[in-house]
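The next block holds one structure in the form of structure tokens; read it before the comments.
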Amino acid sequence: CCKRASHRKVSRTIRTGSLFEKSKTSLFSWMKFIYRFSQGLRLRQIDMIDDEVAGSSRTLSSMARHIRHVCIRAIKRHRINNGHRLGGDREFVVIDESCLRHQRKYARGRFGNAWKRKKWVFGMMGIKDKRRRLVLKLVEKRSRHHLVPLIRQHVKLGSAIISDEWRAYKNVLTNIGYRHYTVNHSRWFVDPQSGSHTQHIERAWMTIKGHVRRLKGNRTEKLLEEHLMVLEWSSWLGSRHPDGPLGRLFKDIQKIFPV
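Heads up: the sequence shown is residues 40 to 298, going by my numbering.
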């Protein structure tokens, strides 16, 4: 028998080189998990353990992390190839900020060193007919210094932007080339003169917060950023694929693991 390393037998399985290579979870369980992930169905670990998707929280966390990273790689590749620019032809942009800081149960427990400061999520939503596209960024403060550069980076000049009357935008966006409409929320939800409102993104915040808190995705900054990128993936790629988010997810898995 030849003992040369190049002549030794190498065993391969159907999982070799795939997303599932190092996983002991059955392929059937993986398919159930991927389907749930793509459709936004119940992903609480207790629910999936009850439904026998996996046997432990540790396994489910690992599966979720692998799929998140597929989405993150896909949305990063899309940014490089296409750019994430909102606005332009008949698409208006609604902007708003919200706090998604981790909430401790009964206000007890400790925060790690990296999560003591209050963080804000700055959201920009491009709206054109039934299409909704999100750009979500974690920012230190809601100041002009932090928000306006993100607007210039992700919103095309000349676009219509709708916001509340937060001072960071006031008398700034019009001067740098945007058509800026505001809503005074202390008086009304819809501006009676322009018809402007921010209800699109207010509804989106409800969905975003529900997604993040249900999956405990705001425990650390890194984890929150990952979940925000998955939500971007859903709005830019998943919802626009002919076969829906599931078809897009399989496409992205195939690109990363071309077995």
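Every residue, glycine too, gets a C-beta built ideally from N, C-alpha and C.
Original post:
How about Leu270 and Leu212: do their beta carbons lie closer than 8 angstroms?
Top reply: no
Subject >> Backbone CA spacing between Tyr208 and Ala199 [nearest angstrom] >> reply: C-alpha separation (whole angstroms): 13 angstroms.
Original post:
In terms of alpha-carbon separation, which member of Arg97, Ser77, Gly286, Glu130 lies closest to Gly197?
Top reply: Glu130
**OP:** Could you check the C-alpha separation between Arg279 and Gly56 for me, to the nearest Å?
**Re:** 28 angstroms
Original post:
What are the boundary residues of the alpha helix (DSSP H) that Leu288 is part of?
Top reply: 283-295
Subject >> Neighbour-count burial assignment, His184, 16 or more Cβ in a 10 Å radius >> reply: The residue is exposed, with fewer than 16 neighbouring Cβ atoms inside 10 Å.
Original post:
Taking the continuous beta strand (DSSP E) assigned at Phe161, which residues delimit it?
Top reply: 159-167
Original post:
Taking the beta strand (DSSP E) that Thr221 falls in, what are its first and last residues?
Top reply: 218-222
Original post:
Name the DSSP beta bridge partners of Lys176, please?
Top reply: Bridge partners of Lys176: Phe161.
**OP:** Count the other C-beta atoms from every protein chain shown that fall within 10 angstroms of the C-beta of Thr52, then say buried if there are 16 or more, exposed otherwise.
**Re:** exposed
**OP:** Determine the direct distance from the alpha carbon of Met268 to that of Arg172, and round the result to whole angstroms.
**Re:** If you draw a straight line from the Cα of Arg172 to the Cα of Met268, it is about 12 angstroms long.
Subject >> Simplified DSSP assignment, three categories, for Glu265 >> reply: helix
Original post:
Any contact of the stretch 283-296 with the stretch 98-118, i.e. 3+ C-beta pairs under 8 angstroms?
Top reply: yes
**OP:** Taking 8 angstroms as the cut-off, decide whether the C-beta atoms of Ser77 and Leu288 are in contact.
**Re:** Yes, the pair counts as a contact, with Cβ atoms nearer than the cut-off.
Original post:
If you draw a straight line from the C-alpha of Leu262 to the C-alpha of Asn214, how long is it?
Top reply: 36 angstroms
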